[in-house]
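>
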Amino acid sequence: MAQQSPLTLFDFHKQFRDEEDCKEYLFKIRWPNGYCCPRCQGDQYFMIKGRELFKCKRCYYQTSLTAGTVLHRTRTPLLVWFWAIFLISCDKRGHSTLSLSKELGVSYWVSWTLLQKIRSAMGKQDGQYKLRGVVEVDEAYLGYKTEKQNNKRGRGTEKAKVLVAVSTDEKKKHPRFAKMKAVNRLTTEVVIDFVKSHFEENCLVQTDGLNIYNALKDNVTKHEIFPIVSGEAPLPWVHTIISNAKAFVLGTYHGIGPKHLQVYLDEFCYRFNRRFWENQLFNRMLAACMNCETITFGELTQ
(Lines of atoms letter the chains of each structure in order from A; the text may use other names.)
(Lines give C-alpha, C1' and ligand atoms only; values in the text may rest on other atoms or scores of the structure.)
Protein backbone atom coordinates (compact mmCIF):
# COMPACT_ATOMS: atom_id res chain seq x y z
CA MET A 1 0.00 0.00 0.00
CA ALA A 2 1.38 3.42 -0.95
CA GLN A 3 2.27 5.70 1.92
CA GLN A 4 -0.27 8.44 2.53
CA SER A 5 1.06 11.88 1.59
CA PRO A 6 1.12 14.55 4.30
CA LEU A 7 -1.66 17.13 4.26
CA THR A 8 -0.04 20.38 3.12
CA LEU A 9 -1.22 23.86 4.03
CA PHE A 10 -2.51 24.29 0.47
CA ASP A 11 -4.33 20.94 0.59
CA PHE A 12 -5.94 21.78 3.92
CA HIS A 13 -7.14 25.20 2.77
CA LYS A 14 -8.56 23.68 -0.41
CA GLN A 15 -10.36 20.86 1.43
CA PHE A 16 -11.78 22.91 4.32
CA ARG A 17 -12.95 26.25 2.99
CA ASP A 18 -15.93 26.87 5.26
CA GLU A 19 -18.21 25.45 7.96
CA GLU A 20 -20.09 23.23 5.51
CA ASP A 21 -16.89 21.47 4.45
CA CYS A 22 -16.10 20.79 8.11
CA LYS A 23 -19.62 19.50 8.83
CA GLU A 24 -19.49 17.10 5.89
CA TYR A 25 -16.13 15.76 7.08
CA LEU A 26 -17.32 15.32 10.66
CA PHE A 27 -20.40 13.46 9.41
CA LYS A 28 -18.14 10.93 7.66
CA ILE A 29 -16.03 10.50 10.80
CA ARG A 30 -19.00 10.10 13.14
CA TRP A 31 -21.06 7.93 10.81
CA PRO A 32 -18.70 6.34 8.25
CA ASN A 33 -21.43 3.91 7.16
CA GLY A 34 -24.17 6.52 7.12
CA TYR A 35 -26.31 8.04 9.86
CA CYS A 36 -27.00 5.76 12.84
CA CYS A 37 -29.25 6.88 15.69
CA PRO A 38 -27.37 6.71 19.04
CA ARG A 39 -30.53 5.43 20.74
CA CYS A 40 -32.25 2.96 18.38
CA GLN A 41 -29.66 2.54 15.60
CA GLY A 42 -32.14 3.77 13.02
CA ASP A 43 -30.62 4.85 9.72
CA GLN A 44 -33.16 7.47 8.62
CA TYR A 45 -33.29 11.07 9.82
CA PHE A 46 -34.44 14.56 8.98
CA MET A 47 -32.72 17.81 9.83
CA ILE A 48 -34.13 20.35 12.26
CA LYS A 49 -33.32 23.55 10.44
CA GLY A 50 -31.74 26.36 12.40
CA ARG A 51 -30.60 24.05 15.20
CA GLU A 52 -28.21 21.75 13.30
CA LEU A 53 -29.87 18.67 14.82
CA PHE A 54 -30.45 15.23 13.33
CA LYS A 55 -33.84 13.77 14.33
CA CYS A 56 -34.31 10.02 14.02
CA LYS A 57 -37.37 9.06 11.96
CA ARG A 58 -37.92 5.94 14.07
CA CYS A 59 -37.63 7.10 17.70
CA TYR A 60 -37.42 10.88 17.17
CA TYR A 61 -34.20 11.13 19.18
CA GLN A 62 -32.30 14.33 18.46
CA THR A 63 -28.54 14.56 18.23
CA SER A 64 -25.90 16.76 16.65
CA LEU A 65 -22.61 16.12 14.87
CA THR A 66 -20.66 17.08 17.97
CA ALA A 67 -22.91 15.72 20.76
CA GLY A 68 -20.95 13.79 23.37
CA THR A 69 -17.58 14.85 21.94
CA VAL A 70 -14.92 17.39 22.85
CA LEU A 71 -16.59 19.78 20.41
CA HIS A 72 -20.03 19.51 22.06
CA ARG A 73 -21.82 22.87 22.37
CA THR A 74 -18.72 24.73 21.29
CA ARG A 75 -19.17 28.39 20.42
CA THR A 76 -16.01 28.31 18.35
CA PRO A 77 -16.57 27.75 14.61
CA LEU A 78 -15.71 24.27 13.36
CA LEU A 79 -13.31 25.79 10.85
CA VAL A 80 -11.30 27.27 13.73
CA TRP A 81 -11.27 23.85 15.44
CA PHE A 82 -10.05 22.22 12.24
CA TRP A 83 -7.30 24.79 11.78
CA ALA A 84 -6.22 24.37 15.41
CA ILE A 85 -5.99 20.58 15.08
CA PHE A 86 -4.17 20.89 11.76
CA LEU A 87 -1.58 23.37 13.07
CA ILE A 88 -1.00 21.29 16.20
CA SER A 89 -0.59 18.12 14.14
CA CYS A 90 2.00 19.79 11.90
CA ASP A 91 4.31 20.98 14.67
CA LYS A 92 6.42 18.30 16.35
CA ARG A 93 7.52 20.76 19.03
CA GLY A 94 3.99 21.44 20.21
CA HIS A 95 2.05 24.70 20.04
CA SER A 96 1.92 27.36 22.74
CA THR A 97 -1.34 29.12 23.57
CA LEU A 98 0.02 32.51 22.52
CA SER A 99 1.31 31.37 19.14
CA LEU A 100 -1.94 29.56 18.31
CA SER A 101 -4.05 32.57 19.32
CA LYS A 102 -2.04 34.76 16.93
CA GLU A 103 -2.25 32.27 14.06
CA LEU A 104 -6.01 31.74 14.44
CA GLY A 105 -6.89 35.32 15.33
CA VAL A 106 -8.71 34.29 18.50
CA SER A 107 -8.39 35.36 22.12
CA TYR A 108 -5.82 33.85 24.45
CA TRP A 109 -8.51 31.98 26.41
CA VAL A 110 -10.17 30.54 23.32
CA SER A 111 -6.76 29.30 22.18
CA TRP A 112 -6.01 27.87 25.63
CA THR A 113 -9.36 26.08 25.77
CA LEU A 114 -8.91 24.56 22.32
CA LEU A 115 -5.43 23.31 23.18
CA GLN A 116 -6.41 21.88 26.55
CA LYS A 117 -9.43 20.06 25.13
CA ILE A 118 -7.38 18.61 22.27
CA ARG A 119 -4.65 17.50 24.70
CA SER A 120 -7.25 15.90 26.96
CA ALA A 121 -8.59 13.99 23.95
CA MET A 122 -5.06 12.80 23.17
CA GLY A 123 -4.65 11.48 26.70
CA LYS A 124 -7.99 9.68 26.73
CA GLN A 125 -7.27 8.11 23.35
CA ASP A 126 -3.91 6.77 24.56
CA GLY A 127 -5.54 5.61 27.79
CA GLN A 128 -7.31 2.89 25.81
CA TYR A 129 -4.03 1.07 25.15
CA LYS A 130 -1.63 -0.77 27.46
CA LEU A 131 2.09 -1.40 27.16
CA ARG A 132 3.22 -4.93 26.34
CA GLY A 133 6.43 -6.93 26.03
CA VAL A 134 9.62 -5.54 27.57
CA VAL A 135 8.90 -2.31 29.48
CA GLU A 136 11.50 0.00 31.04
CA VAL A 137 10.30 2.09 34.00
CA ASP A 138 11.93 5.02 35.77
CA GLU A 139 10.97 8.25 37.47
CA ALA A 140 11.60 11.81 36.25
CA TYR A 141 11.50 15.28 37.76
CA LEU A 142 10.35 18.10 35.52
CA GLY A 143 7.83 20.74 34.69
CA TYR A 144 8.04 23.54 37.22
CA LYS A 145 9.79 24.88 40.29
CA THR A 146 8.25 25.57 43.67
CA GLU A 147 9.05 28.68 45.69
CA LYS A 148 11.44 26.58 47.77
CA GLN A 149 13.13 25.07 44.73
CA ASN A 150 16.86 25.50 44.45
CA ASN A 151 19.20 24.06 41.85
CA LYS A 152 19.00 20.55 43.23
CA ARG A 153 18.48 17.90 40.56
CA GLY A 154 17.15 14.33 40.46
CA ARG A 155 15.83 12.41 43.47
CA GLY A 156 15.12 14.69 46.41
CA THR A 157 14.18 17.68 44.25
CA GLU A 158 10.84 19.45 44.72
CA LYS A 159 10.08 19.46 40.99
CA ALA A 160 7.10 17.55 39.61
CA LYS A 161 7.41 13.80 40.01
CA VAL A 162 6.60 11.72 36.95
CA LEU A 163 6.56 7.96 36.39
CA VAL A 164 7.77 7.07 32.91
CA ALA A 165 7.50 3.78 31.02
CA VAL A 166 8.49 2.79 27.50
CA SER A 167 7.96 -0.56 25.80
CA THR A 168 10.70 -1.90 23.54
CA ASP A 169 11.24 -4.78 21.16
CA GLU A 170 12.69 -7.98 22.66
CA LYS A 171 16.28 -7.05 21.78
CA LYS A 172 15.77 -3.49 23.11
CA LYS A 173 17.00 -2.01 19.85
CA HIS A 174 13.93 0.16 19.30
CA PRO A 175 11.38 1.86 21.55
CA ARG A 176 7.70 1.28 20.83
CA PHE A 177 5.22 3.14 23.00
CA ALA A 178 5.44 5.39 26.07
CA LYS A 179 3.31 6.26 29.10
CA MET A 180 3.88 9.09 31.58
CA LYS A 181 2.03 9.84 34.80
CA ALA A 182 2.46 12.88 37.04
CA VAL A 183 2.18 11.83 40.69
CA ASN A 184 2.16 13.59 44.04
CA ARG A 185 4.42 11.03 45.69
CA LEU A 186 6.75 8.29 44.56
CA THR A 187 5.73 5.30 46.64
CA THR A 188 5.45 1.56 46.11
CA GLU A 189 1.65 1.80 46.01
CA VAL A 190 1.74 4.52 43.34
CA VAL A 191 4.15 2.49 41.20
CA ILE A 192 2.01 -0.66 41.45
CA ASP A 193 -1.13 1.29 40.50
CA PHE A 194 0.71 2.79 37.50
CA VAL A 195 1.84 -0.63 36.31
CA LYS A 196 -1.56 -2.29 36.78
CA SER A 197 -3.34 0.56 34.99
CA HIS A 198 -1.05 0.85 31.98
CA PHE A 199 0.73 -2.52 31.48
CA GLU A 200 -0.52 -5.84 30.19
CA GLU A 201 -0.18 -8.66 32.73
CA ASN A 202 2.55 -10.62 30.95
CA CYS A 203 5.05 -7.74 30.68
CA LEU A 204 8.73 -8.04 31.53
CA VAL A 205 9.26 -4.92 33.65
CA GLN A 206 12.77 -3.51 33.99
CA THR A 207 13.72 -0.91 36.62
CA ASP A 208 16.69 0.32 38.59
CA GLY A 209 17.22 -0.69 42.20
CA LEU A 210 15.23 2.07 43.90
CA ASN A 211 13.21 0.52 46.74
CA ILE A 212 9.84 1.75 45.44
CA TYR A 213 10.16 -0.84 42.65
CA ASN A 214 10.95 -3.83 44.86
CA ALA A 215 7.34 -4.94 45.29
CA LEU A 216 6.85 -5.26 41.53
CA LYS A 217 8.14 -8.83 41.69
CA ASP A 218 4.86 -9.80 43.39
CA ASN A 219 2.67 -7.87 40.95
CA VAL A 220 4.04 -8.58 37.46
CA THR A 221 4.96 -11.74 35.57
CA LYS A 222 8.66 -10.87 35.58
CA HIS A 223 10.67 -8.04 37.12
CA GLU A 224 14.32 -7.36 36.33
CA ILE A 225 16.36 -4.97 38.47
CA PHE A 226 19.39 -3.16 37.07
CA PRO A 227 21.56 -1.64 39.81
CA ILE A 228 22.61 1.95 39.25
CA VAL A 229 26.22 1.93 38.09
CA SER A 230 28.11 5.09 37.18
CA GLY A 231 28.73 5.40 33.45
CA GLU A 232 26.25 2.69 32.45
CA ALA A 233 22.76 3.04 30.97
CA PRO A 234 20.91 -0.25 31.52
CA LEU A 235 17.58 1.47 30.80
CA PRO A 236 18.52 3.50 27.72
CA TRP A 237 15.13 4.09 26.15
CA VAL A 238 13.27 5.34 29.20
CA HIS A 239 16.11 7.81 29.83
CA THR A 240 15.90 8.97 26.22
CA ILE A 241 12.15 9.50 26.59
CA ILE A 242 12.69 11.48 29.80
CA SER A 243 15.27 13.69 28.09
CA ASN A 244 12.99 14.32 25.11
CA ALA A 245 10.00 15.05 27.38
CA LYS A 246 12.00 17.63 29.32
CA ALA A 247 13.00 19.33 26.08
CA PHE A 248 9.37 19.29 24.91
CA VAL A 249 7.94 20.71 28.14
CA LEU A 250 10.67 23.23 28.92
CA GLY A 251 11.53 24.14 25.34
CA THR A 252 8.06 24.79 23.94
CA TYR A 253 6.12 25.67 27.08
CA HIS A 254 8.95 26.99 29.29
CA GLY A 255 7.86 25.05 32.34
CA ILE A 256 4.36 24.10 33.47
CA GLY A 257 2.64 24.18 36.83
CA PRO A 258 1.49 20.94 38.50
CA LYS A 259 -2.18 21.62 37.79
CA HIS A 260 -1.95 21.02 34.05
CA LEU A 261 1.28 19.06 33.70
CA GLN A 262 -0.48 15.76 32.92
CA VAL A 263 -2.13 16.97 29.70
CA TYR A 264 1.24 18.14 28.38
CA LEU A 265 2.72 14.74 29.19
CA ASP A 266 -0.26 13.19 27.41
CA GLU A 267 0.47 15.31 24.35
CA PHE A 268 4.13 14.28 24.34
CA CYS A 269 3.27 10.58 24.60
CA TYR A 270 0.52 10.84 21.97
CA ARG A 271 2.97 12.37 19.50
CA PHE A 272 5.72 9.89 20.34
CA ASN A 273 3.39 6.90 20.04
CA ARG A 274 2.34 8.03 16.56
CA ARG A 275 5.72 9.16 15.27
CA PHE A 276 5.50 6.70 12.37
CA TRP A 277 2.06 7.98 11.34
CA GLU A 278 2.75 11.70 11.12
CA ASN A 279 1.03 11.86 7.73
CA GLN A 280 -2.19 10.72 9.41
CA LEU A 281 -1.89 12.86 12.54
CA PHE A 282 -4.56 15.41 11.61
CA ASN A 283 -7.17 12.71 11.02
CA ARG A 284 -6.10 10.82 14.13
CA MET A 285 -6.29 13.92 16.33
CA LEU A 286 -9.69 14.86 14.91
CA ALA A 287 -10.96 11.32 15.48
CA ALA A 288 -9.63 11.43 19.06
CA CYS A 289 -11.63 14.62 19.66
CA MET A 290 -14.75 12.98 18.25
CA ASN A 291 -14.25 9.85 20.36
CA CYS A 292 -13.61 11.76 23.60
CA GLU A 293 -16.46 12.71 25.92
CA THR A 294 -17.40 16.34 26.46
CA ILE A 295 -15.00 18.37 28.59
CA THR A 296 -16.29 21.63 30.06
CA PHE A 297 -14.24 24.77 30.67
CA GLY A 298 -14.90 24.31 34.39
CA GLU A 299 -13.38 20.84 34.31
CA LEU A 300 -10.30 22.19 32.55
CA THR A 301 -9.75 24.86 35.20
CA GLN A 302 -10.42 22.74 38.30
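First residue of the sequence shown? That's 1 in the numbering used here, and the numbers climb one at a time after it.
Note that the Cβ used here is the ideal one computed from N, Cα and C, for glycine as well.
Would you decide whether Phe282 is buried or exposed? Buried here means 16 or more other CB atoms lie within 10 Å of its CB.
Taking the first residue of the sequence shown as position 1, residue 282 is located at position 282. Looking at its Cβ environment, which holds 16 or more other Cβ atoms inside 10 Å, Phe282 is buried.
> For the beta strand (DSSP E) containing Phe276, list its first residue and its last residue.
Taking the sequence shown and counting its residues from 1, the one referred to as residue 276 is at position 276. Counting along the chain, no beta strand (DSSP E) covers Phe276, and no H or E run does either.
> Apply the 10 Å Cβ neighbour rule to Ser197 and answer buried if 16 or more other Cβ atoms are within range, or exposed otherwise.
Locating residue 197 in the sequence shown gives position 197, counting from the first residue. That one is exposed.
> Where does Cys90 fall in DSSP's three states?
For this step, residue 90 is matched to residue 90 along the sequence shown. Of the three classes helix, strand and coil, the one that applies to Cys90 here is helix, per DSSP.
> Are Val195 and Asn219 touching if we call contact CB-CB under 8 Å?
Your numbering for residue 195 matches position 195 in the sequence shown. Your numbering for residue 219 matches position 219 in the sequence shown. The answer is yes: Cβ separation under 8 Å.
> Check Ser99 in the structure and name its three-state DSSP category.
Start at 1 with the first residue of the sequence shown, and residue 99 comes out as number 99. DSSP places Ser99 in helix when its eight states are reduced to three.
> Whole angstroms are fine: how far does the CA of Asp266 sit from the CA of Ser111?
Position 111 of the sequence shown, counting from 1, holds the residue named residue 111. Position 266 of the sequence shown, counting from 1, holds the residue named residue 266. Spanning the two alpha carbons is a distance of roughly 18 Å.
> Measure the alpha-carbon distance for Glu299 versus Lys173 and round it to whole angstroms.
To locate residue 299, count along the sequence shown from 1; it is residue 299. To locate residue 173, count along the sequence shown from 1; it is residue 173. Straight-line measurement puts the Cα of Lys173 at about 41 Å from the Cα of Glu299.
> With DSSP as the reference, label Phe44 as helix, strand or coil.
The residue given as residue 44 occupies position 44 in the sequence shown. According to the sequence displayed, residue 44 carries Gln and not Phe. Gln44 falls in the coil class under three-state DSSP.
> So what's Gln149 in DSSP terms, helix, strand or just coil?
On the sequence shown, residue 149 is found 149 positions in, with the first residue counted as 1. With a pLDDT of 48 at Gln149, under the threshold of 50, the modelled position of this residue cannot be trusted; read the value that follows with caution. In the three-state reduction of the DSSP assignment, Gln149 falls in the coil class.
> Do Arg51 and Cys37 have their beta-carbon atoms positioned less than 8 Å apart in this structure?
Reading the sequence shown from its first residue, position 37 is the one you call residue 37. Reading the sequence shown from its first residue, position 51 is the one you call residue 51. Not closer than 8 Å, so no.
> Could you pull the start and end residues of the alpha helix (DSSP H) that Val307 belongs to?
Any question about residue 307 goes unanswered here, given that the chain covers just 1 to 302.
> Hey, could you find the ends of the alpha helix (DSSP H) Cys22 is sitting in?
Translated into the one-based positions of the sequence shown, residue 22 becomes position 22. Here the alpha helix (DSSP H) through Cys22 covers Glu19 to Arg30.
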